[in-house]
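**Q** Residues 0 to 118 in numbering that gives the first Met the number 0 are what the sequence shown spells out, letter by letter. Quick one: the structure is below, and I'll ask about it shortly.
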Amino acid sequence: MIQEVISDILVVVGLVFMTLGVFGMIRMPDIYTKLHAASKAVFLGVIVLAIAAMFVGSQAMIMRLILLSAMLLVTTPVAAHAIGRGAYITGEQMDTPGAVDESGAQLPEENPQTPSWRL
């Protein structure tokens, strides 16, 4: 009984995190701040939902949820970085007041549209 109540509370908390991520996507001015809000909120929301499911799940389900959480821990920041770098390389502007472009000196002087990797 108490585990179900804790699980229900954690589900609500996880959904609140996800909802805040949606509001961040709507309210933020540029791709970089939207990406920041979305990646953090979705990661926290899914982890809290996984913890909620662990309270009412079986041993096999708990192991799967731990694996899911570990994969999210690794892939979410990598995906956010890749999307942000892609937006930067294609020339997406920073519209946030007071934003400073500290990466401009690190890009090659040639055409920024060409990828830095070769097959």
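Idealized CB from N, CA, C, for every residue including glycine.
Under 8 angstroms by Cβ, that's how I've got V41 and M17 pegged, so tell me the actual separation to the nearest angstrom.
**A** About 7 angstroms; that satisfies the 8 angstroms criterion.
**Q** CA-CA distance, P60 and A78?
**A** Reading the sequence as shown, one finds Met at residue 60 and not Pro. Roughly 26 angstroms between the two C-alpha positions.
**Q** Between which two residues does the alpha helix (DSSP H) carrying P76 extend?
**A** Segment 58-88, the alpha helix (DSSP H) holding P76.
**Q** Comparing C-alpha positions only, which one of T95, Q92, A52, T89 sits nearest to I5?
**A** Among T95, Q92, A52, T89, the Cα nearest to that of I5 is on A52.
**Q** Between the C-alpha atoms of M0 and L9, what's the straight-line distance to the nearest angstrom?
**A** In a straight line, the C-alpha of M0 is about 14 angstroms away from that of L9.
**Q** State the CB to CB distance for the pair I50 and L71, rounded to an integer number of angstroms; the pair is presumed to be in contact (CB under 8 angstroms).
**A** Not confirmed; about 12 angstroms, so no contact.
**Q** Give me the residue from I30, F22, M24, I25 with the minimum Cα distance to H80.
**A** Nearest of I30, F22, M24, I25 to H80, Cα basis: I30.
**Q** Rounding to the nearest angstrom, what Cα-Cα distance links A36 and M62 in this structure?
**A** For A36 and M62, the distance between alpha carbons rounds to 28 angstroms.
**Q** Near R117, what residues of its chain come up, given a Cβ to Cβ distance below 6 angstroms and the 5 sequence neighbours on each side ignored?
**A** Reliability of the predicted coordinates at R117 is poor, the pLDDT of 49 falling under 50, and no value is obtained from them.
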